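Asks:
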Amino acid sequence: MQKLIAFSVIVLIFTVVEGCVYRDNECAPYTVMEKHADYEIRSYPSLTWATTTEEDQLARVARYKAFMRLFEYISGKNDRSQTINMTVPVRMKMTPHGEKMIHEMSFMVPAELAQNPPAPENKLITISKEDPKMYAVRMFSGYAWRQATWNKEAENLKNSVKDDETIDSSEFYQVGYDAPFEIFNRRNEIWMVKKTGRKRVFSVFILVEGCTYNELECPKYEVLEEQLDYEIRSYAPSTWVTTFSSNRLAIVAELKATKTIIWNTLVEK
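Per mature numbering (1 follows the signal peptide of the UniProt record, and there is no 0): the sequence shown = residues -19 to -1, 1 to 250.
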């Protein structure tokens, strides 16, 4: 009995937020990789952040001190006496330290200054360029004045991603987009880091060496993750010869003439 297996080109549609602007402020660009009922997975490019920390039992006091320190930096207290445009979001994280909490707050450095940002005069501020990252993000509205509100939303996100081992739900960022005087239509987010890299599902990699298909050499790859209807592969470095034509039918005809099959392949087994 013959079995036909069809391989098709899969088109993935992502939501890309480039040149992001929120209420006239530059915001961090991102790509929405997945959408779920109450959260989404975002991919952020490399971003530069100005960060400071403040230790206090009272969250409001700590945040105010941290915010004013960063605000002074962008208002000209830097080695260039340069005024830096405010950006969004403002990113915050809390870490327990004895009976107190360490409150971390970050402003994103505008893209035009990200490669060479002014140095802060205040030594309590650090400038760091982060590698690209992915986050699980839960959005919610309202005036999130109380810490209990943030904790509740973080717990909701933690419950939503509990079956995804790639998401670190042990800590979270509190992310705000609006100035204190904005009362309505406020945008708040909880971010949890999504770990990237190789994920071993069966603790074994399938390595395809000396790959051949119909007596033709094919690219070597490792199967990193197997699912019901797809798999994640890592391909070894390879060199490709590519051609291009503005006439799609012409290039398809050329490929067919050389017995190269694209779009759909039927294999008899």
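Even glycine gets a Cβ: it sits at the ideal position worked out from N, Cα and C. Computed from a prediction, not measured in an experiment: that's the story for all the values here.
If you draw a straight line from the C-alpha of Gly123 to the C-alpha of Phe88, how long is it?
Replies: Taking the sequence shown and counting its residues from 1, one reaches residue 123 at position 142. Taking the sequence shown and counting its residues from 1, one reaches residue 88 at position 107. Approximately 21 Å between the Cα atoms of the pair.
Asks: Name, in chain order, the residues that DSSP records as bridge partners for Leu197.
Replies: To locate residue 197, count along the sequence shown from 1; it is residue 216. Looking at the DSSP assignment, Leu197 forms a beta bridge with Tyr194.
Asks: For Ser151, which of helix, strand or coil comes out of DSSP?
Replies: For this step, residue 151 is matched to residue 170 along the sequence shown. The answer is coil: DSSP assigns Ser151 none of H, G, I, E or B.
Asks: If distances are taken between C-alpha atoms only, which option among Glu207, Arg167 and Tyr11 comes closest to Ala125?
Replies: The residue given as residue 125 occupies position 144 in the sequence shown. Measuring from the Cα of Ala125, the nearest candidate turns out to be Arg167.
Asks: Do you know offhand how far Trp30's Cα is from Ile108's?
Replies: Along the sequence shown, read from residue 1 onward, the residue named residue 30 stands at position 49. Along the sequence shown, read from residue 1 onward, the residue named residue 108 stands at position 127. Distance between the alpha carbons of Trp30 and Ile108 is about 6 Å.
Asks: If you follow the beta strand (DSSP E) that Leu205 is in, where does it begin and where does it stop?
Replies: Along the sequence shown, one-based indexing puts residue 205 at 224. Counting along the chain, the beta strand (DSSP E) containing Leu205 begins and ends at Tyr202 to Glu207.
Asks: For Thr33 and Ile106, I'd like the C-alpha separation in whole angstroms.
Replies: On the sequence shown, position 52 is the one that residue 33 refers to. On the sequence shown, position 125 is the one that residue 106 refers to. For Thr33 and Ile106, the distance between alpha carbons rounds to 5 Å.
Asks: Could you check whether Val69 and Asn6 sit closer than 7 Å to each other, using their CB atoms as the reference points?
Replies: Sequence index remark: in the sequence shown, residue 6 carries index 25 (1-based). Sequence index remark: in the sequence shown, residue 69 carries index 88 (1-based). A contact, by the Cβ cut-off of 7 Å.
Asks: Going along the chain, which residues of its own chain have a beta-carbon closer than 7 Å to the beta-carbon of Leu51, five neighbours each way excluded?
Replies: Taking the first residue of the sequence shown as position 1, residue 51 is located at position 70. Cβ within range, chain order: Ala31, Thr33, Met86, Phe88 and Ile106.
Asks: When the Cα of Val90 is compared with those of Ile148, Tyr20 and Thr64, which residue comes out closest?
Replies: Within the sequence shown, numbered from 1, the residue matching residue 90 stands at position 109. Measuring from the Cα of Val90, the nearest candidate turns out to be Thr64.
Asks: What three-state label does DSSP hand Ala43 in the structure shown?
Replies: For the purposes of this step, residue 43 is taken as the residue at position 62 of the sequence shown. Of the three classes helix, strand and coil, the one that applies to Ala43 here is helix, per DSSP.
Asks: Return the first residue and the last residue of the beta strand (DSSP E) that Asn169 is part of.
Replies: By 1-based counting over the sequence shown, the position of residue 169 is 188. Residues Asn169 to Lys175.
Asks: Among Arg44, Tyr45, Arg127 and Glu102, whose alpha-carbon lies nearest the alpha-carbon of Ser62?
Replies: Within the sequence shown, residue 62 is the residue found at index 81, counting from 1. Of the candidates Arg44, Tyr45, Arg127 and Glu102, the one whose C-alpha sits nearest the C-alpha of Ser62 is Glu102.
Asks: Just verifying my parser: in three-state terms, what is the DSSP assignment at Cys1?
Replies: On the sequence shown, position 20 is the one that residue 1 refers to. Here Cys1 sits in coil by DSSP.
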